[in-house]
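No gaps in the numbering here: position 194 of the sequence shown is 194 in the working numbering, and each next residue is one more. Cβ atoms here follow ideal geometry from the backbone N, Cα and C, with glycine treated the same way.
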Amino acid sequence: MKDCIILFDLDGTLIDSTEAVYEGFCEAFKHFKKAIPTFESVKSQIGHTLDTMFHTLGVQENEIPQFISAYKEHYRQICNAKTTLLPNAKEAILESHSFAQLGVVTTKTGQYSKMLLEHMGVGNYFTCIIGRENVVNAKPSAEPILKALESFSPLNKDKIYMIGDTPLDIQAAKNARVRSIAVTTGYASLEVLKQHTTQIKNNALEAVLAIKQTLNA
């Protein structure tokens, strides 16, 4: 059995769904006849839960569930067509699968995450996909990572890694007491990532190769 577990974030780590996410937000705001937020204001929030994103964008607490429903209704229709694997992401998945057991830990809805990965032809490489609906507390809580680890045989936490593009991923890994590597392909700047970790790579493939090198050292 492969004695390493690698958990990947999705948005900004393996996939680029920025266009689809922004369009979903635009449709939700249009549906309720509210001023449409700017592209940058939405993009800067990707990685947080939909509840947090809508709250940050000024939606009243009691209206958030309706906005989320409108968002999901549109997003479901467009996500496959308007989402792509990031450069080197497929190579990262194939390389990591050669020596590690894989999972996904995301604040995205797990149902859509699974659908996207299957559409892209890589869903079968992952033992588990933990999305927002699978946990009470999203990242940076340790809960999503610990929930994912329930799908694997227990391993020494020195051989468990979280790869992600935002401080939420790094903080969740710290809270779960597993290792982490940040990547600069997503929604947090290098300067922001440096405030949380020294383990930073240019993309998921570089992160995977660094893990492989550490294991073989």
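{"query": "Distance between Tyr-75 and Glu-23 (C-alpha atoms, nearest Å)", "result": "8 Å"}
{"query": "Nearest candidate by alpha-carbon position, reference Ala-148, set Gln-213, Ile-129, Lys-33", "result": "Ile-129"}
{"query": "Buried versus exposed, by CB contacts within 10 Å (16 or more), Asn-88", "result": "buried"}
{"query": "Unbroken stretches of the alpha helix (DSSP H), 4 residues or longer, contained in the segment 173-197", "result": "190-194"}
{"query": "Contact set for Leu-116: own chain, Cβ-Cβ below 7 Å, skip 5 residues either direction", "result": "Ile-15, Cys-79, Asn-80, Thr-83"}
{"query": "Rounded distance between the beta-carbons of Ile-181 and Glu-217, thought under 8 Å", "result": "The sequence as given places Ala at residue 217; Glu does not occur at that position. Contact flag wrong, Cβ pair sits at about 15 Å."}
{"query": "Burial state of His-196, where buried means 16 or more other Cβ atoms lie within 10 Å", "result": "buried"}
{"query": "Given 8 Å, three or more beta-carbon pairs between the segment 93-113 and the segment 2-22", "result": "yes"}
{"query": "Identity of the residues DSSP links to Gly-103 by a beta bridge", "result": "Leu-7, Cys-128"}
{"query": "Spatial neighbours of Ala-28 in its chain, beta-carbon cut-off 6 Å, leaving aside the 5 residues before and after", "result": "Phe-67, Ala-70, Tyr-71"}
{"query": "Candidates Val-192, His-48, Thr-13, of which the one nearest Thr-109 by Cα", "result": "His-48"}
{"query": "Within 9 Å, strictly: CB atoms of Asp-165 and Gly-186", "result": "yes"}
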